[in-house]
Amino acid sequence: MKIAMLGTRGVPASYSGFETCVEELGSRLALRGHEVTVYCRSHHISYDQPTYKGMRLVKLPTITNKYLDTIAHSFLSSLHALSQGYDIALYFIAGNSLVTWIPRLAGQRTLLNVDGLDWKRAKWPPLAKRYIQFAEQMSTVLPNAIITDSLVVQRYYREVYGADSAYIAYGSDLPHRPAGPTLARFGLKPRGYVLFVGRLVPENCAHHLVEAWRRLDTDMQCVIVGDAPYAEDYKAELRRLAGGDPRIHFTGYLFGEGYWELNSHAYAFVETSGVGGTHPALVEAMNFGNCVVVHNTPENLETVEAAGLWYDGQVGAASLTAVLRTLLDAPPLVQLYRQAAAERARSVYSWEAVTDAYEALFQRVLP
0 MKIAMLGTRG VPASYSGFET CVEELGSRLA LRGHEVTVYC RSHHISYDQP TYKGMRLVKL
60 PTITNKYLDT IAHSFLSSLH ALSQGYDIAL YFIAGNSLVT WIPRLAGQRT LLNVDGLDWK
120 RAKWPPLAKR YIQFAEQMST VLPNAIITDS LVVQRYYREV YGADSAYIAY GSDLPHRPAG
180 PTLARFGLKP RGYVLFVGRL VPENCAHHLV EAWRRLDTDM QCVIVGDAPY AEDYKAELRR
240 LAGGDPRIHF TGYLFGEGYW ELNSHAYAFV ETSGVGGTHP ALVEAMNFGN CVVVHNTPEN
300 LETVEAAGLW YDGQVGAASL TAVLRTLLDA PPLVQLYRQA AAERARSVYS WEAVTDAYEA
360 LFQRVLP
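Counting with numbering that gives the first Met the number 0, you get residues 0 to 366 for the letters of the sequence shown.
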């Protein structure tokens, strides 16, 4: 098949879970003999080769604005796709639904992975929220099929819009790495830190962890991996809450070797996000055999089931503090949850199984 992947920043992955999904899924589809093209934002991807891991890269400009960046690039990419003879145009993020009809003019089948309920994110003002909700509704009309990576989100689309979606989980197969330069850079010891990975935006609730850590009497370190454009006020607030505590480390973005190294040696992983579907960082932490603690959203609880612990996100830092204190005092309990998380990741979240599912879905929607 000739497959295009649109709607993300592109590859090599250097921003979020969807870019990682494109890289992991696209490279595996290419290995299976499919022709894969990934549309990249020229201001974001500095990689200067025409192909990456068997995928052809098409770099196009966009409007570098918080509200227009994604849709402007997806619109331009969709116009480019019209003449390329793709069999499948795979889009990501419900906000892109309004351009998914364009490749259909040329007989291409369009599919959209809608992600979570993006309009719940605090970063969006009222007008943007209304647009995203409208785009969410249009995702059930304009593409040939929609995909959800969470059963909770799948149920939402069925109950609210009467729309069926294909459920395909997120993958997690990532390599363990020995302790090395990344731990040394931040002065960390194996199993001597708790890890958070995510965009530093209010709805991801990293402040729960920062506030909780300030309340704990421990020499254990707290590592916050991530960043976010257009979120300077929130990032400043996180640093204010940290109060210069030397146990709390803000690393900025880390991908590849550094990210794998930190995940390979954490004492525990904390997923504080209060919105979204299946969080890639959480699934990947389970793959690394981390003891995971999650904000008790339905999506997070679905992901971990009995293989992780949860705290009450409505209570926030106070609830998380109690859970972390228990784990810090009980290494044997942490080990049991590590084993449970790794087993769940192996049995449920595998990139090869994800690729099988996408490949089968592509075959079903083709004429």
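Don't be surprised by glycine CBs; every beta carbon is placed ideally from N, CA and C.
Kindly list the residues whose CB is nearer than 8 Å to the CB of Met137, restricted to its own chain and excluding five residues on each side of it in sequence; keep chain order.
Ser96, Leu97
Item to check | Val140, DSSP secondary structure in three states | outcome: coil
- If you draw a straight line from the C-alpha of Arg363 to the C-alpha of Val347, how long is it? 22 Å
Under a Cβ-count criterion, where at least 16 other Cβ atoms within 10 Å of its own Cβ denotes burial, should Asp368 be classed as buried or exposed? Examination of residue 368 is not possible in this model, given that the chain is present from 0 through 366 alone.
* **Alpha-carbon to alpha-carbon, His278 and Gly16** => Looking at the backbone, the Cα of Gly16 and that of His278 are separated by about 7 Å.
Query - Among Ser41, Arg108, Gly84, Ala80, nearest to Thr63 - alpha-carbon criterion - result: Ser41
- prompt: Which residues mark the beginning and the end of the alpha helix (DSSP H) in which Thr302 is found?
  reply: 297-303
Please give the ranges of any beta strand (DSSP E) in the stretch 57-99, keeping only runs that are unbroken, at least 3 residues long and fully inside the region. 87-91
Query - For Leu253 and Val224, believed in contact at Cβ under 8 Å, the rounded distance - result: 5 Å
Strictly by DSSP, which residues pair up with Thr36? In DSSP, Thr36 forms a bridge with Ala3, Arg55.
- C-alpha distance - Cys290 paired with Val37, whole-angstrom precision: 34 Å
*asked:* Are the CB atoms of Gly276 and Val152 within a distance shorter than 7 Å?
replied: Using a Cβ distance threshold of 7 Å, Val152 and Gly276 count as a contacting pair.
Reducing DSSP to helix, strand and coil, say where Phe268 ends up. strand
Are Leu432 and Ala227 closer than 7 Å when you measure CB to CB? The requested residue 432 is not part of the displayed model; the chain covers only 0 to 366.
| Measuring CB to CB, does Val35 end up less than 7 Å from Ile87? | no
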